[in-house]
């Protein structure tokens, strides 16, 4: 994650989107979606891509990954399936809210 932060990569897990900023270029990689690359406000490249299809998707094509090919896998496994998260807080029987008076000097 430090490498992603250093290179200003933005991950949007809810929309399954990865954004790799480059000066003057907007490049979006989507899972099962549309890939649009723009340079100087003109559309340069548009294609329909899928992360599940291994042909045509190569990690070596990413410029920053080329320096660290031994770290990244040769195939992109894709995103995990969408699942619902259950969040709850367990309370012990007989507990109540804690009252704290404000600190005054």
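In UniProt numbering, the protein residues as written are 1 to 105.
By construction, the Cβ of each residue, glycine as well, lies at the ideal position given by its N, Cα and C atoms.
Predicted model, so just to flag it, every value in this text is computed and none were measured.
Rounded to whole angstroms, what's the CA-CA distance from residue 71 to residue 90? Just pull it up for me. 41 Å
Three-state class that DSSP yields for residue 12 in the structure shown: strand
Closest residue to residue 3 among 65, 12, 13 (Cα-Cα distance): 65
Straight-line Cα distance separating residue 62 from residue 10: 15 Å
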